[in-house]
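Residue numbers (my numbering): 6 to 272. All C-beta atoms, glycine included, are put in the ideal place defined by N, C-alpha and C. Have a look at the structure below, then the notes.
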Amino acid sequence: MSRINDTFTRLKREGRKALIPYVTAGDPQSNVTVPLMHAMVEAGADIIELGVPFSDPMADGPVIQAACERALSHNVSLRDVLAMVQQFRERNQSTPVVLMGYLNPVEAMGYDKFVAAAKQAGVDGVLTVDMPPEEAGDLVAVLDQSGMDPIFLLAPTSNDERIAKVTAAASGFVYYVSLKGVTGAANLDVAAVAGKLEQIRRHTDLPIGVGFGIRDAASAAQVAKIADAVVVGSAIVKRIADLAQTPERINAEVSAVLREMRQAMDR
Numbered sequence: 006m007s008r009i010n011d012t013f014t015r016l017k018r019e020g021r022k023a024l025i026p027y028v029t030a031g032d033p034q035s036n037v038t039v040p041l042m043h044a045m046v047e048a049g050a051d052i053i054e055l056g057v058p059f060s061d062p063m064a065d066g067p068v069i070q071a072a073c074e075r076a077l078s079h080n081v082s083l084r085d086v087l088a089m090v091q092q093f094r095e096r097n098q099s100t101p102v103v104l105m106g107y108l109n110p111v112e113a114m115g116y117d118k119f120v121a122a123a124k125q126a127g128v129d130g131v132l133t134v135d136m137p138p139e140e141a142g143d144l145v146a147v148l149d150q151s152g153m154d155p156i157f158l159l160a161p162t163s164n165d166e167r168i169a170k171v172t173a174a175a176s177g178f179v180y181y182v183s184l185k186g187v188t189g190a191a192n193l194d195v196a197a198v199a200g201k202l203e204q205i206r207r208h209t210d211l212p213i214g215v216g217f218g219i220r221d222a223a224s225a226a227q228v229a230k231i232a233d234a235v236v237v238g239s240a241i242v243k244r245i246a247d248l249a250q251t252p253e254r255i256n257a258e259v260s261a262v263l264r265e266m267r268q269a270m271d272r
């Protein structure tokens with residue numbers, strides 16, 4: 006069983022939901038990321054979603070676009086991100102790490118070489134935002150052989166045919182994008198999300214994580230009542246951006262945000 010499956014199985018037994026923070030690797034500088042990953046786990050994170058900096062992050066809003074730009078200004082590459090995961094694994098062998106990014110860097114490295122390096126580093130899942138399941142067969146096959154989970158996005162506009170394709174290709178969990186638009190958009194409609202999750206659950210027993218629009222402890226708690234996992238990205242990345250000139254404060258302040266969410270989700 007994979008670390009992702011282990012985590013969801015344990016949380017289900019405990020009657021809790023997963024908290025999945027997203028950070029962009031190398032933001033605002035490379036030496037911040039690994040200590041921040043450990044701090045987030047200590048603050049209650051169950052799975053870490055680690056963004057691979059990309060020059061054209063089309064699914065992301067201005068907050069995460071700026072995070073990618075800060076990381077890329079220090080020349081943070083896919084190989085650097087994998088090295089960060091490997092360094093994280095020196096102290097943590099249990100918390101799953103999912104790489105989230107775009108296909109171009111993976112294709113440039115080559116599927117076989119990327120998956121082997123990711124497995125060696127300690128990566129548990131891969132979400133390539135711009136790779137639909139219809140085109141993911143070769144990468145999914147290599148990921149399956151290495152025991153890593155291919156994770157795909159579903160959206161409010163996904164119909165039953167689309168949900169069936171995505172859930173057939175995915176493992177680990179399914180990521181439901183709760184809003185139309187890019188990351189950091191507003192106006193989360195929890196009732197609408199709940200209805201869509203019911204539709205998705207008719208197609209799969211995989212855990213469902215909900216992201217986009219989780220801004221604070223209150224919205225995290227609302228989503229935790231209906232989903233298996235709460236994914237929070239822009240709210241954390243915005244806090245990191247605010248502290249870019251004082252990076253020594255990032256661990257404490259991001260941890261405070263996550264602890265509030267964790268406590269609200271567990272009530």
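Query	Result
Report yes if the C-beta of Val86 is less than 7 Å from at least one heavy atom of the ligand NAP; otherwise report no.	Because no ligand of any kind appears in the structure shown, any question about the ligand NAP cannot be addressed here.
In the DSSP assignment, what residue or residues form a beta bridge with Thr133?	Gly106
If you count every other CB in all the chains shown that lies within 10 Å of the CB of Ser78, and 16 or more means buried, which is it?	exposed
Enumerate, from N- to C-terminal direction, the unbroken beta strand (DSSP E) stretches of 3 or more residues contained entirely within the stretch 205 to 244.	213 to 216, 234 to 237
Ser176: buried (16+ other C-beta within 10 angstroms of its C-beta) or exposed?	buried
Excluding the five sequence neighbours on either side, which residues of its own chain have a C-beta within less than 8 Å of the C-beta of Ala169, listed in chain order?	His208
Among the candidates Leu211, Ile213, Val179, Ile241, whose CA atom is the shortest distance from the CA of Ala222?	Ile241
Cα separation between Pro212 and Ile255?	30 Å
Pull up the CB-CB distance for Leu87 and Ala122, whole angstroms please, since I reckon it's below 8 Å.	5 Å
Which residue marks the beginning of the alpha helix (DSSP H) containing Thr251, and which one marks its end?	Premise fails: Thr251 is in no alpha helix (DSSP H) and is neither H nor E.
Quick one: any contact between the stretch 191 to 202 and the stretch 43 to 52, if contact means 3 or more CB pairs under 8 Å?	no
Below 8 Å on the Cβ atoms is my contact criterion, and I expect Leu24 with Arg267 to pass it. Report the Cβ-Cβ distance as a whole number of Å.	6 Å
What do you get for Arg15, buried or exposed, if any count of 16 or more other CB atoms within 10 angstroms of its CB means buried?	exposed
Near Lys124, what residues of its chain come up, given a Cβ to Cβ distance below 7 Å and the 5 sequence neighbours on each side ignored?	Ser151, Met153
Near Arg21, which residues of its chain fall below 8 Å by C-beta distance, leaving aside the five closest residues on each side in sequence?	Met270, Asp271
Considering just the uninterrupted stretch of the beta strand (DSSP E) at Ile53, what are its terminal residues?	53 to 56
Considering only C-alpha positions, which residue in the set Gly214, Lys230, Thr38 is nearest to Val236?	Gly214
Which whole-angstrom value is the C-beta distance of Phe178 and Pro110, which I expect to be below 8 Å?	Contact doesn't hold; Cβ gap of about 23 Å is too wide.
For Val68, tell me which candidate among Gln204, Pro33, Gln91 has the shortest Cα-Cα distance.	Pro33
Quick one: residues in its chain with C-beta nearer than 6 Å to the C-beta of Asp51, no 5 flanking neighbours on either side, listed in chain order?	Thr12, Ala23, Leu24
Near Val182, what residues of its chain come up, given a Cβ to Cβ distance below 6 Å and the 5 sequence neighbours on each side ignored?	Leu158, Ala160, Phe217
Could you tell me which whole alpha helix (DSSP H) segments of length 4 or greater appear in the stretch 45 to 86?	67 to 77
Would you mind reading off the limits of the alpha helix (DSSP H) that contains Ile168?	165 to 174
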